[in-house]
Amino acid sequence: MNLNKYILKIDQDLNSPDALLLLNTHYKQLNAQEKELFILALMGKVIELKTMIEADKYR
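If you read the sequence shown in UniProt numbering, its first letter stands for residue 1, the second for the next number, and so on.
Set out below in structure tokens:
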């Protein structure tokens with residue numbers, strides 16, 4: 001599976017009011033290898049959001 005697929009899914013989940021529930025549900029449906037990719041994609045998203053917050057702080 002492709003990492004971009006998980007990044008897209010995470011982006012879609014984060015746009016929902018029930019983001020944490022959706023992320024948790026989707027994570028539970030994955031096999032072990034897919035969970036590793038999902039976690040990598042989620043870590044990338046966290047870094048991206050942290051960078052955006054830091055940049056916004058200094059505006």
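Just so it is clear, CB atoms sit at the ideal spot from N, CA and C, and this is done for glycine as well.
From a predicted model like this one, the values you see are computed outputs, not experimental measurements.
Secondary structure of residue i, DSSP reduced to three states
| i | result |
| --- | --- |
| Asn2 | coil |
| Asn24 | helix |
| Leu30 | coil |
| Asp18 | coil |
Within 8 Å, strictly: CB atoms of residue i and residue j
| i | j | result |
| --- | --- | --- |
| Leu23 | Asp13 | yes |
| Leu30 | Leu3 | no |
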